[in-house]
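**Q**
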Amino acid sequence: MLANLIYSATEAGPFAKDFGLRDQIRKAAGSVMHNIAEGFESGSDAEFIRFLKYSRRSASEIQSEAYLALDRKYLANEDFQAIYDKATSTKKLINAFIGYLSRSKKIVE
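So the sequence shown is numbered by this note's numbering: it starts at 1268 and just counts up by one.
As C-alpha cells, this is what we get:
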C-alpha cells in the first residue's frame, strides 16, 4: 500500500518531472518491501531484524522526501498526509515485528 501511494503520487505533474526526487522516493518505497523480503530469507532472526531496521529507515526516508515534495508543492496536503501516515503505520508494524523476533526463541533452519 505504501509503495502504491508513492507511485500514484509521483506519476504525473511536477513531481513526475523532478526525476531525482521522484526516483529517490520510489526507491525508498521499494526498499521497504525488498529489505523485509531479503531479511526473511536470511536464515536467522538476528539477520532478519537487521534488515527490518533497514526497512524502517527507508520508511523514514519516505517521510523526509514527502516533506520536501510538500514544500515544493508537488503534493497536496491530503496526499502528503496519506503518505506520511502510511509510512508511520508501516514503521509501527516493523517495530512490533522487531519486538516479536527479539523476544522469540525460535530457531530458523
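Where a beta carbon is used, it is the ideal one built from N, C-alpha and C, also for glycine.
1. Sorted by chain position, which residues of the same chain lie with C-beta nearer than 6 Å to A1326's C-beta, five sequence neighbours on each side aside?
2. Answer with buried or exposed for G1306, where buried requires no fewer than 16 other C-beta atoms within 10 angstroms of its C-beta.
3. Measure from the alpha carbon of I1273 to the alpha carbon of each residue in Y1341, I1292 and Y1367, then state which is nearest.
4. Ordered along the chain, which non-local residues of its own chain (more than five positions away) have a Cβ less than 7 Å from that of A1276?
5. For D1338, does the count of other Cβ atoms within 10 angstroms reach 16, so buried, or fall short, so exposed?
6. Give the DSSP-derived three-state secondary structure of K1340 in the structure shown.
7. So which of G1287, G1280, Y1321 and D1285 has the shortest CA-CA distance to I1365?
8. Taking the beta carbon of D1312 as the centre, do at least 16 other beta carbons fall within 10 Å, making it buried, or is it exposed?
9. Tell me the DSSP secondary structure of S1369 in three-state form.
10. Report all residues from its chain with a CB closer than 6 Å to the CB of Q1330; omit the five preceding and five following residues, and keep chain order.
**A** Straight from the coordinates:
1. V1299, A1354, T1357 and K1358
2. buried
3. I1292
4. F1282, L1342, D1346 and I1350
5. exposed
6. coil
7. Y1321
8. buried
9. helix
10. Y1351 and A1354
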